[in-house]
Amino acid sequence: VKVYSRGGFSGTVSFTVTSIPSGFTYSFTPTTVYVTPTSSKTTTFKVNIPSGTSTGQKKIWVKAYAGSYYDYDLLKINVLSSGFSFSVSPTLVTVSQGGSITVTLKVTKIGAYNKPVTFSTQSAPAGITVTYNPSSVVPTGTATATIKAAANTPAGTYTVKIKAKGADGLTIIRMVTVKVVAAGFTLSSSKQSLTIFQGGSATFTLTVTKVGTYSKTVTFSLENAPSGVTASFSPSSLTPTGTTTVTVQVSSSVPPGTYSIKFKAMGTDGKTAHVTLQLIVKAKPFKYSLSLSQSSISINKGESASVVVNVNLVSGTAKQVQLSLEGLPAGTYSFSPQTVTPTATSTLTINTATLSEGTYTVTIKATHGSIVKTATLTVKVIGLDFSISVSPSSLEVEQGKSGTVVVTLTLVKGSAEKVTLSATGMPSGVVSQFSPQEVKLSGSSQLTIYVSSDSPAGTYAIVVKAVSKSGVEKTATFTLKIKEKSKCIIATATYGSEVADEVQILRNFRDNIVLSTHAGTSFYVAFNAFYYSWSPYVAYWIQDNPWIKPVFKTLIYPLIGILLFSTYLTSPLISINAELAVYVTGTIISALIGAVYYSPIIYLILRRKEKYLSERYLKRIGLITLSTLTACILAQAIGASSILVFTTSAYVLSVIALSSYAVPLILHRLRSKIC
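What the sequence shown shows, in the numbering used here, is residues 282 to 956, in sequence order.
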């Protein structure tokens, strides 16, 4: 029912019926409409016809009124005993130029109606054609009607009337409104708004739907976006119909707020379509992470240990975070600092002095307001145990000398830590030195015992004590035997006293010159082993045979003279370089000893075998001497003490041999010239 304004009327119009057959019921939807001079309104009038109603034409008077204004119209209804109803769906369609669309036709029988119903076009504008499939049905049944617009059909809105006619002549006409549009495409979005945090991104899809036969490539772009907002498309172009995934990226510099952003789809022919979305930018939330430098730690009971706590900024503006711990008694741990501003670190220190041995599962918390991050640390408190031993278990040292033992420390249980070594039980004049004094378990240290000349001879029990950082103490004992100082046995026996002037000359040379240097000390290792292997027996024989003393005095005096002469000659070198001085002194002394003591013997032996007195042999001995000197220098340079013992001894012997042979050769040459 359609209502129009007349005479400039505006107002609410109501509907009723003034005459209707008995038993008929009706309704208006809506029951009222508002009419203005520039608009018309409609309401749907539904009439229900009861069964058993007689056939024939029925009349219903419909009234529209507004106050004192009213109007009537007559509705005639032809009631049949049998027939059909006809409907079209949808009744409003859109089709592009050159395109087509399909609607559904439904024929429903009334009563026992069983006649074929044929479809046809009652009327259609030029350029629009309708085809039916099937062209007829027997109620109840459905068919489709394909409405096609020619490519040259002007864009606009048209009415197509479709007729359904029964074989008995019963006819019903329905109308379809057809909107013809130019070929192109439409753009739609999967979302109407996006919420993105600063520095974040979001994705959605844009769908391009072709209209008609459109087949051009469509490219996407972002328009009307604030600075810092960008979009990427995958794919960046397509041929409709198709979908692209859009990623919108918001930089950290975009202020929080609500923005309107527009996306454009543009075909290669210039056609465009737009869609607008609401963009809500929110401030990046404060987020942080918590981690530890290690997930577990073992600590010897009584010790402290530390773990680094890392609090890293993930997003947002940094704010203070409070650190706390669960799983250990109060007073056994501390954070430094306890409050941090990410990104930052704090040192967690755990003190096990009051903790029992065992394993503790500790939870470290980093809290800011309602945000709590946790990390788990496994703490093992271990009772430290280690062993100590000394090798050898007995050490013999002569007065005025030193000796060494090795102290070995072995970790039995717990974590490695340093222990401090000390020694007790030494008699007066004995000094101990550890190298190193602090040893990390497991490890070893060399203990050197220095015995002074006046330390009392005897046997002593020396206790070596090792104390760990956490207070664990272990001891080991070894025996120190101090024996009287070795004497210049032969000289003492010869001169009757070890304090005789001659004996003192020999001792001073040994102690103050030779033994003050690395090379001299190395030489004396071999010399002492050789000298003391036979000298005591000679000394005893001298003591038992006093008549021989003058002979030995005579033999020793040249040696004393050689020592005094050589010492005086090289004494200036001692202040410059003691090692150089001992090499020069040793060379002179060895050469003089060979010349004084051994050259006469060699001369007497080779005097009658002159073929052996040759410069050729002298050069060979000289080459050997030079080689042993070079070996001494190399051994001393690399710190090879054991090699130096051998090379210094070899050098001394080769110098003695060189001078012992050179003197007879020289005498032989002089005698040859004289004779």
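Ideal Cβ positions, reconstructed from N, Cα and C, are used throughout, including at glycine. Quick caveat: nothing in here was measured; it's all calculated off a predicted structure.
With respect to the 8 Å criterion, residue 486 and residue 502 are not classified as neighbours on the basis of their beta carbons.
The count of Cβ pairs closer than 8 Å, one atom from the region 592–608 and one from the region 648–656, reaches three, so the stretches are in contact. Distances from the alpha-carbon of residue 423 to those of 434, 613, 386, 392 put 386 closest. In the three-state DSSP reduction, residue 887 falls in the helix class (H, G or I). C-alpha of residue 695 to C-alpha of residue 921: approximately 38 Å in a straight line. Contact annotation: the region 536–551 touches the region 505–514, with at least three C-beta pairs closer than 8 Å.
Counting every other CB atom within 10 Å of its CB across the protein chains shown gives residue 364 a total of 16 or more, marking it as buried. The residue among 465, 515, 500 with its C-alpha nearest the C-alpha of residue 494 is 465. In the three-state reduction of the DSSP assignment, residue 815 falls in the coil class. Scanning the region 849–877 from its first residue to its last, the whole alpha helix (DSSP H) runs of 4-plus residues come out as 859–874. Comparing C-alpha distances from residue 321 to each of 914, 283, 395 shows the shortest one belongs to 283.
Rounded to the nearest angstrom, the gap between the Cα atoms of residue 499 and residue 515 is 13 Å.
Shown here for residue 938: same chain residues with a beta carbon closer than 6 Å to its own, the five before and five after excluded, namely 902 in chain order. For residue 802, the closest C-alpha among the options 930, 484, 425 is that of 930. Restricting attention to 676, 699, 670, 674, the CA atom closest to the CA of residue 689 is found in 670. Note that the C-beta distance between residue 317 and residue 291 is below 8 Å. The beta-carbon distance between residue 723 and residue 691, rounded to whole angstroms, is 5 Å. This is short enough to meet the 8 Å contact definition. Looking at 287, 411, 585, the one whose alpha-carbon comes closest to that of residue 458 is 411. Of the residues 625, 406, 889, 420, the one whose Cα lies closest to the Cα of residue 428 is 406. Under the DSSP assignment, residue 712 falls in the beta strand (DSSP E) whose first and last residues are 711–716. For residue 934, the closest of 430, 399, 908, 390 by C-alpha to C-alpha distance is 908.
Straight through space, the alpha carbons of residue 911 and residue 847 are spaced by roughly 22 Å. The closest CA to that of residue 287, considering only 325, 324, 350, 558, is found on 350. In this structure, residue 565 lies near residue 596, with their beta-carbon atoms less than 8 Å apart.
Under a 10 Å Cβ-count criterion, residue 850 is classified as exposed, with fewer than 16 other Cβ atoms of the shown protein chains found around its own Cβ. Taking all protein chains shown into account, residue 919 has fewer than 16 neighbouring C-beta atoms within 10 Å of its C-beta and is therefore exposed.
Under the three-pair Cβ rule at 8 Å, the region 573–583 does not count as touching the region 610–621. If the five residues before and after residue 799 are omitted, its C-beta is found closer than 8 Å to the C-beta atoms of 860, 917, 922, 925, all from its own chain and listed in chain order.
Excluding the 5 residues flanking it on each side, residue 829 has same chain C-beta neighbours closer than 8 Å at 822, 823, in chain order. Here residue 287 carries a coil assignment [DSSP, helix/strand/coil].
The beta-carbon distance between residue 583 and residue 633, rounded to whole angstroms, is 6 Å. This is short enough to meet the 8 Å contact definition. Between the C-alpha atoms of residue 816 and residue 754 there is a straight-line separation of about 48 Å. About 16 Å separates the beta carbon of residue 745 from that of residue 731, a gap too long to meet the 8 Å contact definition. Taken atom to atom, the span from the alpha-carbon of residue 319 to that of residue 484 is near 46 Å. Residue 915 and residue 905 have their alpha carbons spaced roughly 15 Å apart.
Rounded to whole angstroms, residue 856 and residue 667 show a C-alpha spacing of 48 Å.
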